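Asker: Mind having a look at this structure? Questions to follow.
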Amino acid sequence: MSVLFAEYPKCTTCQKAKKWLKEHQVEFEDRHIKEENPNALELKEWHGRSGLPLKRFFNTSGVVYKELNLKERIPQMSEEEQYGILATDGMLVKRPLVIGDDFVLVGFKEKEWEEKLAK
1063 MSVLFAEYPK
1073 CTTCQKAKKW
1083 LKEHQVEFED
1093 RHIKEENPNA
1103 LELKEWHGRS
1113 GLPLKRFFNT
1123 SGVVYKELNL
1133 KERIPQMSEE
1143 EQYGILATDG
1153 MLVKRPLVIG
1163 DDFVLVGFKE
1173 KEWEEKLAK
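My numbering applies: residue 1063 is where the sequence shown begins, and numbers increase by one.
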């Protein structure tokens, strides 16, 4: 199985997650989330595959999230508007992301990763 691994290389959680993938021999394509930000269509597709609420895709602890006052704004936004704003800056997107054919993992939760990825 090969997956897409969307990360910000300076993020320590992403570094731990990448190490986990290598230790568990999971083949992955690496994608720098800031340099190659997901577009709205990708985000919509990934959200659908994840089974998670859209708000889980936001990096709520990030500087850009706070600067844009998204905590206050998101409840009034449509899903399309949320996809649009997520697509403006990779630093708004929760990371790391692992995108498989029929699933998406948001953030690094080792138990979830073992269930989906461990051989």
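Note that the Cβ used here is the ideal one computed from N, Cα and C, for glycine as well.
It should be emphasised that the depicted structure is a prediction, and the values quoted were computed from it without experimental measurement.
Using a 10 Å radius around the Cβ and a threshold of 16 neighbouring Cβ atoms, would you call V1125 buried or exposed?
Answerer: The residue labelled residue 1125 in the question sits at position 63 within the sequence shown. That one is exposed.
Asker: What's the gap between the Cα of L1179 and the Cα of W1108?
Answerer: The count along the sequence shown starts at 1 and reaches residue 1179 at position 117. The count along the sequence shown starts at 1 and reaches residue 1108 at position 46. Approximately 17 Å between the Cα atoms of the pair.
Asker: Is the beta carbon of F1090 less than 8 Å from the beta carbon of P1158?
Answerer: On the sequence shown, residue 1090 is found 28 positions in, with the first residue counted as 1. On the sequence shown, residue 1158 is found 96 positions in, with the first residue counted as 1. Going by C-beta atoms, F1090 is not nearer than 8 Å to P1158.
Asker: What are the partner residues of R1093, as DSSP defines its beta bridges?
Answerer: As a working note, residue 1093 is residue 31 in the sequence shown. Paired residues: A1068.
Asker: Decide if E1141 is buried, meaning its Cβ has at least 16 other Cβ atoms within 10 Å, or exposed.
Answerer: The residue given as residue 1141 occupies position 79 in the sequence shown. By the neighbour-count rule (16 or more Cβ atoms within 10 Å), E1141 is not buried but exposed.
Asker: Could you pull the DSSP bridge partners for V1160 from this structure?
Answerer: Residue mapping note: residue 1160 aligns to position 98 of the sequence shown, counting from 1. In DSSP, V1160 forms a bridge with F1067 and L1167.
Asker: Check each candidate in E1085, E1069, C1076 and K1072 and name the one with the smallest Cα separation from E1176.
Answerer: Taking the sequence shown and counting its residues from 1, the one referred to as residue 1176 is at position 114. Ranking the options by Cα distance to E1176, first place goes to E1085.
Asker: Which first and last residues belong to the alpha helix (DSSP H) in which T1075 is found?
Answerer: Residue numbering aside, residue 1075 sits at position 13 when the sequence shown is read from its first letter. T1074 to E1085 is the span of the alpha helix (DSSP H), which, as asked, contains T1075.
Asker: Could you check if K1156 is buried or exposed, using at least 16 other CB atoms within 10 Å of its CB as the buried criterion?
Answerer: In the sequence shown, residue 1156 corresponds to position 94, counting from 1. K1156 is buried by the Cβ-count criterion.
Asker: Between the alpha carbons of E1143 and Q1077, how many angstroms are there, rounded?
Answerer: Residue numbering aside, residue 1143 sits at position 81 when the sequence shown is read from its first letter. Residue numbering aside, residue 1077 sits at position 15 when the sequence shown is read from its first letter. Going by the C-alpha atoms only, they are around 30 Å apart.
Asker: Could you check the C-alpha separation between Q1087 and K1081 for me, to the nearest Å?
Answerer: Locating residue 1087 in the sequence shown gives position 25, where the first residue counts as 1. Locating residue 1081 in the sequence shown gives position 19, where the first residue counts as 1. Roughly 10 Å separates the two Cα atoms.
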